[in-house]
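What follows is a short report on a single structure.
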Amino acid sequence: MNENIKAITIPAIIMAVFAIALGWRYVLAWTGPTQSPANGNIEAPITSLGVEQVKSGDLAVTDFVADSVTVGAVNNVGAVTSPKFCIGTKCITSWW
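Taking my numbering, the leading residue of the sequence shown gets 1, the next gets one more, and so forth.
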């Protein structure tokens, strides 16, 4: 009986030490932000505040629902208009 416990305990201890060492390696590899958002290596989050926010880079949205959309300096309620529409590198300024 004592030999059976040793046969299970030793591999379990080895696996536990390996798992802890691997986890500790990830903890040591983590690098936190160098400054507050918008000044360091992390962008400020987009929030639900009622003020204008700017995000540099792409913004992907799966389901976007809004009563109004601002394109440029024009606030559009119920419709989206713009002096030009672009999809990729193809832009149009009129429909006909």
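Ideal Cβ placement from N, Cα and C applies to all residues, glycine included. Because the structure is a prediction, the values reported are computed rather than measured.
Assigned with DSSP and collapsed to three states, K6 falls in helix.
At the C-beta level, Q53 and T47 come within 9 Å of one another. P33 and I14 have their C-alpha atoms roughly 35 Å apart. The C-alpha of W24 is placed about 10 Å away from the C-alpha of W30.
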